[in-house]
Amino acid sequence: MTEQTPPSLLEVDGLTVQVATPAGAQTVVDGLSFRLARGKTLCIAGESGSGKSMTALSLMQLLPKPTARVTAGTARLAGRDILALPEAEMRRVRGRHIGMIFQEPMTSLNPVLSIGRQLGDAIIAHGAGSEKETRRRALELLDQVQIPEPERRLSQYPHELSGGMRQRVVIAMALAQNPEILIADEPTTALDVTVQAQILALIRKLQADRGISVILITHDMGVVAEMADDVLVMQHGRMVERSPVDVIFSAPREEYTRRLLAAVPRLGEMKGTLQPKRVLARPAEACPARQEDGPLVEVENLTVRFDIKGGILQRAVRRVHAVEGIYFTIRRGETLSLVGESGCGKSTTGKALLNLIPWQGNIRVAGRSTKGLRPTAMRPILRDVQMIFQDPYASLDPRMRVGDLVAEPLVIHGLAKGSELTDRVAYLFRRVGLSPEQMRRYPHEFSGGQRQRICIARALSLSPKLIVADESVAALDVSIQAQVLDLLQDIQDETGISYLFISHDMAVVEQISHRVAVMYMGRFVEMGTRAQIFENPQHPYTRKLMQAVPVADPSRPRRAFVEKAEDLPSPIHPLGYVPPRQEARDIGGGHLVWETLRA
Amino acid sequence: MLAYIARRLIQTVLILLGISLVTFVLLYLVPADPARQIAGRSATAATVENIRQQLGLNLPFHEQYLRYLSGLLNGDLGRSYLQRTEVSTLIASRLPASLLLMAGAILCELLFGLTMGVIAALKRGTRTDDTLMIASFIGVSAPQFVIGILLLYVFAVQLGWFPIGGYGTFAHLVLPSITLGFLGAGWYARMMRSSLIDVLRQDYIRTARATGMSRTKVLLGHALPNAILPIIAMIGIDIGLFMSGIVVVESVFGWPGIGQLAWQAIQRVDIPIIMGVTLVSACAIVLGNLIADLITPLIDPRIKLR
Numbered sequence: 023m024t025e026q027t028p029p030s031l032l033e034v035d036g037l038t039v040q041v042a043t044p045a046g047a048q049t050v051v052d053g054l055s056f057r058l059a060r061g062k063t064l065c066i067a068g069e070s071g072s073g074k075s076m077t078a079l080s081l082m083q084l085l086p087k088p089t090a091r092v093t094a095g096t097a098r099l100a101g102r103d104i105l106a107l108p109e110a111e112m113r114r115v116r117g118r119h120i121g122m123i124f125q126e127p128m129t130s131l132n133p134v135l136s137i138g139r140q141l142g143d144a145i146i147a148h149g150a151g152s153e154k155e156t157r158r159r160a161l162e163l164l165d166q167v168q169i170p171e172p173e174r175r176l177s178q179y180p181h182e183l184s185g186g187m188r189q190r191v192v193i194a195m196a197l198a199q200n201p202e203i204l205i206a207d208e209p210t211t212a213l214d215v216t217v218q219a220q221i222l223a224l225i226r227k228l229q230a231d232r233g234i235s236v237i238l239i240t241h242d243m244g245v246v247a248e249m250a251d252d253v254l255v256m257q258h259g260r261m262v263e264r265s266p267v268d269v270i271f272s273a274p275r276e277e278y279t280r281r282l283l284a285a286v287p288r289l290g291e292m293k294g295t296l297q298p299k300r301v302l303a304r305p306a307e308a309c310p311a312r313q314e315d316g317p318l319v320e321v322e323n324l325t326v327r328f329d330i331k332g333g334i335l336q337r338a339v340r341r342v343h344a345v346e347g348i349y350f351t352i353r354r355g356e357t358l359s360l361v362g363e364s365g366c367g368k369s370t371t372g373k374a375l376l377n378l379i380p381w382q383g384n385i386r387v388a389g390r391s392t393k394g395l396r397p398t399a400m401r402p403i404l405r406d407v408q409m410i411f412q413d414p415y416a417s418l419d420p421r422m423r424v425g426d427l428v429a430e431p432l433v434i435h436g437l438a439k440g441s442e443l444t445d446r447v448a449y450l451f452r453r454v455g456l457s458p459e460q461m462r463r464y465p466h467e468f469s470g471g472q473r474q475r476i477c478i479a480r481a482l483s484l485s486p487k488l489i490v491a492d493e494s495v496a497a498l499d500v501s502i503q504a505q506v507l508d509l510l511q512d513i514q515d516e517t518g519i520s521y522l523f524i525s526h527d528m529a530v531v532e533q534i535s536h537r538v539a540v541m542y543m544g545r546f547v548e549m550g551t552r553a554q555i556f557e558n559p560q561h562p563y564t565r566k567l568m569q570a571v572p573v574a575d576p577s578r579p580r581r582a583f584v585e586k587a588e589d590l591p592s593p594i595h596p597l598g599y600v601p602p603r604q605e606a607r608d609i610g611g612g613h614l615v616w617e618t619l620r621a
Numbered sequence: 400m401l402a403y404i405a406r407r408l409i410q411t412v413l414i415l416l417g418i419s420l421v422t423f424v425l426l427y428l429v430p431a432d433p434a435r436q437i438a439g440r441s442a443t444a445a446t447v448e449n450i451r452q453q454l455g456l457n458l459p460f461h462e463q464y465l466r467y468l469s470g471l472l473n474g475d476l477g478r479s480y481l482q483r484t485e486v487s488t489l490i491a492s493r494l495p496a497s498l499l500l501m502a503g504a505i506l507c508e509l510l511f512g513l514t515m516g517v518i519a520a521l522k523r524g525t526r527t528d529d530t531l532m533i534a535s536f537i538g539v540s541a542p543q544f545v546i547g548i549l550l551l552y553v554f555a556v557q558l559g560w561f562p563i564g565g566y567g568t569f570a571h572l573v574l575p576s577i578t579l580g581f582l583g584a585g586w587y588a589r590m591m592r593s594s595l596i597d598v599l600r601q602d603y604i605r606t607a608r609a610t611g612m613s614r615t616k617v618l619l620g621h622a623l624p625n626a627i628l629p630i631i632a633m634i635g636i637d638i639g640l641f642m643s644g645i646v647v648v649e650s651v652f653g654w655p656g657i658g659q660l661a662w663q664a665i666q667r668v669d670i671p672i673i674m675g676v677t678l679v680s681a682c683a684i685v686l687g688n689l690i691a692d693l694i695t696p697l698i699d700p701r702i703k704l705r
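So the sequence lines, in the order shown, correspond to chains L and E. For the first sequence, counting from 1, position 203 maps to 225 in this note's numbering; every step adds exactly one. For the second sequence, counting from 1, position 161 maps to 560 in this note's numbering; every step adds exactly one.
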């Protein structure tokens, strides 16, 4: 770009990173060049494997040695090439000139050291300071990153803080020595949307206050639109396009950028439609909810509580109220989405449907009650209800061939054997868009999206009537996510299967759902058709969730900084706790909004 | 915390009951006759029978066990058949020596094992790493009496740096401690290496490095407290290994501890002493594990004892 840019703070030229693999060196970053202007935010966007994290780590000389190394290129910071600095000098660049925050707040703090100790060590990383001065500075930093009660936090440990609070601590550590550059590697990917909005606003505020430059690495085009001044799109280690943020969104030059943007689900894009996205795209095959034989799943007053044990005799001392008395039905051929933030009880609800955890209340699947069924008695019901999990990497046994994994449910239920079994598995592979030749391979030979297809094939093998999809696309890149969502909807169009779609992602939920239930603290706060929830949200929590979703539109005014950081209240209560009574109010057309009754 | 300790102590009592029963059964089944041992070879059958009557060895098994148990509950470990002394007195006089030896051995284990493990982890994949791991493997696999005798030959006989055997000064303690700690040092080196390699790969180490902290500080202040956790659990188990180790080591070095006491008692079928030493060992193992479990939460705040 040859525009009138302010002098660059960091100039990267021809950065090349190679990773040693059994098949020889593989280039993961290939001749990348960019300029970072003072006080500006550069977003590096791309899907997994694009080399964006490797770029960030190489700038800090923190690449995992000895497998990955910089093989060419320079990165000039104040005239010095920081890629060529010896470790002792590089150490002085880290923290002082470049601070870094990471993706996973749950693992990026040391579990056995107190917050005060870790923050203190970051403050005095280069030379000592008096204990009193360090403490004063630590409190000041915690205050700047908007952590409530900073005094108390100093003596707390990471596991006592929520993900959002931990990420704030990591930010405080990165800023401890007033660096000029902050590198943030997917800083909000692991966080809930409302927390994400807080953290992004915090980074913007800190940047404005201190005039630092930010390199923000993200896969989320919504985050890009909220944060960037300049955008660098990467694919397979190479730069695809580099433009100011408004140009990227309004007039992307490259085909890849256009595809990336097209795959992003946008909240509100479905306004005025009644059917899920895919159904609309092919109206001829539209499959309205069939209602002739009553609802497929009926859940009444479902309550799940876990005891926390303690004392000499290991009796229950406190109780986690995971799910508190929810009612819902799922009709045949319908997708009901449960949406809410982590800890709201949505996954617990899904597990209760499969009898994977003890629960109270009533659940009927196709008219049969599953209450108190032993595993053997539950088996025929499990033919009708299957589950797909969030992490396609962890939910497939790495030592089994994928064909056997898909065949396993059929074998367990004694439904097929021999050549019939092989044929069924081959059919399922084709059905989910994989080739039957791949049946003899192992899970590690597949990409994340392919693995999730294998999980879907496995869930489909019993021809279930309901699939519980627990955050099933959350771990996938947007383009892959769009394909998997299409696949799920195609299968629904074809077979009339129902989904209980559990997700934290409002935009995805909007695309796939017939009906939506918003969960908060183990309860429904609002339930209705997709249009009712997304076009006329009534409950304050639903509105808060929707406002927090980053919008892939840089022309929209960026949200103002939220003054106070907040955590979700705890669902752990003393034994005698009686939750406040809530009642649903129908505001028209089956659109339910729950209100707490005052006793 | 107190509730936790109380529950663990109740468990300990049950464990000791079980161990006393098993040991008693085994000793009952041993085809040696304590009465004959006490009476000596030249004694008449009548004398032997008389001694048997006196000691209650003619009673059925369950009565013998109940008699022993009721004594035990009153804090009475019984009297030695041959030494004609209270077992508790014998053990009390021998225990300090054994505890001293164990303390020395733990020190050796930690000193050698942890150092080797840390160096190997930091230099992983190099020749230093290979050498240290071979050394630790030898430590794990070499029998203690061989190591003991080798150390004696080189350092006591040939070089004359340490006394050949006996008890009393610091110099006496060195060789037996090293011998007893050799096995554990090998284990610790291997565990420390893999534990530290694992910890050094964690995200929080990267976070610490990203602040520009020195390598030494990252290692000592941030990595080691995490890497040491599995080792602490190991120390508890180690006490059990020591209990078998001291029988050998104390015999090789003529160390007047309970290992030697047990060895002599076994040769003479002195059942009360064998029972006493076994119970004391069991206590030590259970206590060792309890202490390890109590130390862990001091280092790892995520662990709460309930």
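The beta-carbon is built from N, C-alpha and C at its ideal position, and this holds for glycine as well.
Counting along the chain, where does the beta strand (DSSP E) carrying residue i start and finish?
i                 : result
Ser-235 (chain L) : 235-240
Cys-622 (chain L) : Residue 622 (chain L) is absent from the model: chain L starts at 23 and stops at 621.
Phe-56 (chain L)  : 46-59
Below 7 Å on C-beta distance, what does residue i contact in chain L?
i                 : result
Thr-568 (chain E) : Within 7 Å Cβ-Cβ: nothing; Thr-568 (chain E) doesn't reach chain L, min ~40 Å.
Ala-691 (chain E) : The premise fails here: Ala-691 (chain E) is roughly 16 Å from chain L at the closest Cβ pair, so nothing lies under 7 Å.
Gly-455 (chain E) : Result: empty, since nearest Cβ-Cβ is about 38 Å, beyond 7 Å.
Whose CA, out of the options, lies closest to the CA of residue i?
i                 : options                                    : result
Thr-422 (chain E) : E:Met-642, E:Gly-675, E:Thr-695            : E:Gly-675
Phe-451 (chain L) : L:Ile-434, L:Gln-472, L:Gly-436            : L:Gln-472
Arg-523 (chain E) : E:Arg-600, E:Ile-657, E:Ala-691, E:Ser-650 : E:Arg-600
Leu-176 (chain L) : L:Ala-160, L:Gln-168, L:Gln-189, L:Ser-184 : L:Ala-160
Lys-566 (chain L) : L:Leu-135, L:Met-528, L:Arg-578            : L:Met-528
Ser-594 (chain E) : E:Ala-609, E:Ala-622, E:Ser-479            : E:Ala-622
Val-269 (chain L) : L:Tyr-599, L:Asp-575, L:Gly-598, L:Asp-608 : L:Asp-575
So which residues of chain E does residue i contact, with C-beta pairs closer than 9 Å?
i                 : result
Met-76 (chain L)  : What Met-76 (chain L) touches in chain E: nothing, since even the nearest Cβ is about 13 Å away.
Arg-625 (chain L) : Because chain L is modelled from 23 through 621, residue 625 (chain L) falls outside the range shown and cannot be assessed.
Glu-126 (chain L) : Asp-602
Going along chain E in order, which residues have a C-beta closer than 8 Å to the C-beta of residue i?
i                 : result
Tyr-179 (chain L) : Pro-700, Arg-701
Pro-133 (chain L) : Tyr-603, Asn-625, Asp-699, Pro-700, Arg-701
What are the residues that DSSP puts in a beta bridge with residue i?
i                 : result
Gly-550 (chain L) : L:Val-538
Ser-494 (chain L) : DSSP, once it has assigned bridges, lists no residue as partnering Ser-494 (chain L).
Pro-639 (chain L) : Absent from the model: residue 639 (chain L). The displayed extent of chain L is 23 to 621, so no value can be given.
Val-326 (chain L) : L:Val-345
Glu-617 (chain L) : L:Glu-605
Tyr-521 (chain L) : L:Thr-357, L:Ile-489
Asn-384 (chain L) : L:Glu-322
His-595 (chain L) : L:Arg-341
Asp-103 (chain L) : L:Arg-98
Gln-83 (chain L)  : According to DSSP, which records beta bridges pairwise, Gln-83 (chain L) is partnered with nothing at all.
Gln-408 (chain L) : L:Ile-489
Starting from residue i, find everything on chain L with Cβ-Cβ shorter than 8 Å and list it in chain order.
i                 : result
Thr-610 (chain E) : Arg-116, Gly-117, Gly-121, Asp-143, Ala-144, Ala-147, Met-195, Ala-196, Ala-198, Gln-199
Interface residues of chain E around residue i at Cβ under 7 Å?
i                 : result
Ser-130 (chain L) : Asp-602, Tyr-603, Thr-606
Output the boundary residues of the alpha helix (DSSP H) element that contains residue i.
i                 : result
Ile-698 (chain E) : 670-698
Thr-411 (chain E) : 401-428
Thr-527 (chain E) : 526-540
Using a Cβ-Cβ cut-off of less than 9 Å, give me the residues of the segment 446-468 of chain L that come near chain E, in sequence order.
Of all residues in the segment 446-468 of chain L, none places a beta-carbon less than 9 Å from a beta-carbon of chain E.
Using a Cβ-Cβ cutoff of 7 Å, what residues of the segment 69-102 of chain L are near chain E? List them in chain order.
For the segment 69-102 of chain L, the set of residues with a beta-carbon nearer than 7 Å to any beta-carbon of chain E comprises Met-82, Leu-84, in chain order.
Interface positions of the segment 150-176 of chain L facing chain E (Cβ-Cβ less than 9 Å), listed along the chain:
Per Cβ criterion, the list is empty.
Taking a cut of 9 Å between CB atoms, which residues from the segment 624-656 of chain E lie near chain L?
Cβ proximity to chain L below 9 Å picks out Pro-624, Asn-625, Leu-628 from the segment 624-656 of chain E.
Scan the segment 508-525 of chain E for residues whose Cβ lies nearer than 7 Å to a Cβ of chain L and list them as they occur along the chain.
So the list is empty, because no residue satisfies the distance condition.
Interfacial residues, the segment 656-687 of chain E to chain L, with Cβ spacing under 9 Å
For the segment 656-687 of chain E, the set of positions with a beta-carbon nearer than 9 Å to some beta-carbon of chain L is empty.
For the segment 534-552 of chain E, enumerate the residues whose C-beta is nearer than 8 Å to any C-beta of chain L, in chain order.
The residues in question: there are none.
Beta carbons nearer than 8 Å to chain L: which residues of the segment 555-585 of chain E have them?
Flagged: no residues at all.
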